[in-house]
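Quick note: the sequence shown uses the numbering used here, first residue 39, plus one each step.
No residue lacks a Cβ here, since even glycine has one placed at the ideal position from N, Cα and C.
As structure tokens, the structure follows; a few thoughts come after it.
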Amino acid sequence: MSHHATHRRARRVFGAALGAAVLFGATAVSASAQQFPVTSGDPRIGLAPGVDDATAGKAALGLQHLANRPKPAAVAGTNSDLAFQGDYAFNGNYDGVNIYNIADPADPKLVTSIFCPGSQNDVSVWNNLLFVSVESTSARKDCARGTGTAAPADAFRGIRIFDISDIQNPKQVAGVQTCRGSHTHTLVRPKNDAANLYIYVSGTAAARASTELAGCYKSSNPGLEPDDAAASGKSSRWRIDVIKVPVADPASAAVVSGPRLFADEATGKHDGLQQTLPTPQHPSGTNWSPQPISDACHDITVYEEINLAAGACEGNGLLIDISDPANPKRIDAVADPLFAYWHGATFSNDGKAVLFTDEWGGGSGARCRATDQMSWGADAIYEIVNNKLVFRSYYKLPVAQTVNENCVSHVGNLIPVPGRNIMVQAWYQGGASIIDWTDLSKPKEIGYFDRGPLNTTQLPSSAGYWSTYWYNGRIYGSEIARGFDSLKLTPTANLTAGEIAAAERLPKQARLNAQSQDKVTTWASAPVEAPVGGTVPATLSLSLGAAQPLGPFTPGVAKLYEATTKATVTSTAGDATLSVADPSSTATGHLVNGTFSLPQPLQVRARNAANTGTAYNNLGSGLNLLTYSGPVSNDQVDVQFGQQINANDALRTGSYSKTLTFTLSTTNP
């Protein structure tokens, strides 16, 4: 929203609630072939008004509305911009910030609200730090609600920094004051400096006095200071402010430079870009609103992958070199006699084109009426050719809105559909428009979601989408009056289910700050199942080696005689037991020699790598030696026999022996 609208008070609307209706299915219109928006044959025309989601009429193509969350009472001012991190959405608001959990996009949940008035409260986020833009002259350091211009000792205009380590209890830990406050800001992440962040501050309000903040020069009456003039070389205007934020010590954040992005390349004069109106009046025949005079940037989008930024700077569009993030430099500048206010910018994913937006009317005007040409308050698409911006086309919402609806191009981002420039963009009460600008010369609308006007009494009312963004497979909208929305893409003739699925399959982003654009480089195909496998036959296998003899036994001498045999166990069962039994009914469990048997019982034990300390046990009629809790292959087992001979045991000449039975069994084959 332009600086002409930032001090407007939110207006409460009263009236009877009307039943809501949702309309689907009309084919979207190509904007490039039109001079004026259509006034019939589109479901968005004639939607019922309504102060909330339940009562307003709705129309949609290619977008399914999932949920709406009205603004909470604690922070219920004008909704502004959005940022995202992990499962959280941060919704700026003129009264502070509302934080939502969006782990389930169909059921967003309010986590907490930060009450801290200071329009616009645009937001960005980085790990445990939340940055908030403050421009209002009534904003205070202590976050209390101001009543008029704050006293210099109490005033705050610039960037607030909150610690969100405890997401339910954010704490303001720092603030950096700037001469013109912060209308918007851009988070810059240096490629080779993980310890610091940079913030490009775009301040569009009048500069404060040097008596309030050193280095500033008042740019308005009463009290205009001579050093505000461009010729002074000191002016607070015709520049941006760059803040350096040490990530480990945000309290030491400070302004480190004031790049003169508007300077004349030949003379160095600070006000070197558009300083006069292109025509006495806007092409519509009305006064310019806002005026396209360049002394600040409204918004800067950085694309760190290619070391470029695009600046939407009131009367000009800029291409900026950010290879040195603390000292950005202008590469090119363009102007357009139809643009009232260069407002925002989005790069194509390949970085070869930029879509600029024109906020004609400052966001508070009805600028999508049937009489408003498609090149007024529109997007302008430029190709980057040899570091120059080359105009290719305009795009504007192709369907007329009522005089009760504030409407003009506003904020959005790319939907990562492979091989295409697809964008979702907010148009205030014009709703959300999905734009295909793959062909830079022929952009077209391929989807939308819209509600009816907030009411039919104001000319216009203030509502609709401030911003709409794709984030991790869903689209979220900051609705100025009606709260926070979540939406989902659905297939249309111009966007297939496969393309949507490809975008939704991308790895989750850690965060989204829309003015810090990230490049998408890799998409994955739809998963295809290919069964591969084999079967395992049921197997219980036991093999025994030859047993060593226990003797010879020496009569009259107490001694334990031992022998070992090797066993190999293989089992595919869920469990298994190795056991031994004496099937004989003669002196069971004892070795025999004809009719004689040894007085002491035969003892047996089994040891393997997992059971090295197993003790002997008497054989008796049967004995479990080892158990297995799962499959096993070629387990090497030592089966050991022990025979105790006591000094007084009578021994008969001959051979003592028994034939034993070993078994591998299971209850879970």
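* Can you tell which of 479, 466, 460, 467 has the C-alpha that lies nearest to the C-alpha of residue 473? -> Ranking 479, 466, 460, 467 by Cα distance to residue 473 puts 460 first.
* Would residue 256 be called buried (16 or more neighbouring beta carbons within 10 Å of its own) or exposed? -> buried
* Secondary structure at residue 542, three-state DSSP: helix, strand or coil? -> helix
* Asked: Since residue 279 is in the beta strand (DSSP E), which residue starts that stretch and which ends it?
  -> 279 to 284
* Asked: Taking the DSSP output, what are the residues bridged to residue 136?
  -> 129, 151
* Fully enclosed by the segment 661 to 698, which beta strand (DSSP E) runs are 3 residues long or longer? -> Fully enclosed beta strand (DSSP E) runs of 3 or longer: 670 to 683.
* To do: Since I believe residue 436 is in contact with residue 397 (beta carbons under 8 Å), could you give me their beta-carbon distance rounded to a whole number of angstroms?
  => Residue 397 to residue 436, Cβ: 18 Å. No contact.
* Which residue from 152, 171, 532 puts its Cα closest to that of residue 281? -> Among 152, 171, 532, the Cα nearest to that of residue 281 is on 171.
* Round the Cβ separation of residue 237 and residue 197 to the nearest angstrom and send it over; I've been treating them as touching at under 8 Å. => 6 Å
* Given residue 620, which residues of its chain have a CB within under 7 Å of its CB, disregarding the five upstream and five downstream residues? -> Around residue 620: 626, 627, 657, 659, 696, 698.
* **Exposed unless 16 or more other CB atoms sit within 10 angstroms - verdict on residue 449** => buried
* Jot down the residue ranges of each uninterrupted beta strand (DSSP E) in the segment 535 to 608, minimum 3 residues, whole runs only, in chain order. => 578 to 582
* For residue 490 and residue 94, believed in contact at Cβ under 8 Å, the rounded distance -> 5 Å
* Asked: Excluding the five sequence neighbours on either side, which residues of its own chain have a C-beta within less than 8 Å of the C-beta of residue 595, listed in chain order?
  -> 683, 685
* Enumerate in chain order the residues of its own chain whose CB-to-CB distance from residue 707 is below 7 Å, with the five nearest sequence positions on each side excluded. => For residue 707, where only same-chain residues beyond five positions count, the Cβ hits under 7 Å are 576, 611.
* Asked: Helix or strand or just coil, what does DSSP make of residue 518?
  -> coil
* Asked: Under the three-state reduction of DSSP, which class applies to residue 344: helix, strand or coil?
  -> helix
* Is residue 270 helix, strand or coil by DSSP? -> helix
* Looking at C-beta atoms only, is the number of pairs between the segment 669 to 680 and the segment 631 to 649 that lie closer than 8 Å three or more? -> yes
* Can you give the beta carbon distance from residue 326 to residue 376, rounded, assuming they're within the 8 Å contact cut? -> Residue 326 to residue 376, Cβ: 11 Å. No contact.
* To do: Return the CA-CA distance between residue 637 and residue 615, expressed in angstroms with no decimal places.
  => 29 Å
* Based on Cα-Cα distance, which residue from 433, 328, 361 lies nearest to residue 230? -> 361
* Could you check where the beta strand (DSSP E) with residue 209 kicks off and where it finishes? -> 209 to 215
* Asked: Touching or not, the segment 367 to 387 and the segment 267 to 276, by the rule of three or more beta carbon pairs under 8 Å?
  -> no
* Start-to-end residues for the beta strand (DSSP E) that takes in residue 234 -> 234 to 240
* Asked: If you count every other CB in all the chains shown that lies within 10 Å of the CB of residue 69, and 16 or more means buried, which is it?
  -> Any reading at residue 69 needs caution, since the residue's pLDDT is 47, under 50, leaving its predicted position unreliable; the model's value is listed next. Counting Cβ neighbours within 10 Å, residue 69 comes out buried, since at least 16 surround it.
* Asked: What separation, rounded to the nearest whole angstrom, lies between the Cα atoms of residue 292 and residue 215?
  -> 9 Å
* DSSP puts residue 504 in a beta bridge; with which residues? -> DSSP lists no partner for residue 504.
* **Same chain only: Cβ atoms within 8 Å of residue 243, ignoring 5 sequence neighbours per side** => 41, 44, 173, 175, 195, 218, 219, 221
* In three-state DSSP terms, what is residue 702? -> strand
* Verify whether the separation of the beta carbon atoms of residue 541 and residue 455 is less than 8 Å. => yes
* Asked: Anyone know if the C-beta pair for residue 419 and residue 431 falls short of 8 Å?
  -> Cβ distance < 8 Å, so residue 419 and residue 431 count as in contact.
* **Residue environment, residue 649, which counts as buried when at least 16 other CB atoms sit within 10 Å** => exposed
* Asked: By how many angstroms is the C-alpha of residue 312 removed from the C-alpha of residue 369?
  -> 16 Å
* Could you tell me which residues DSSP puts in a beta bridge with residue 351? => 354
* **Cα-Cα separation, residue 365 to residue 226** => 12 Å
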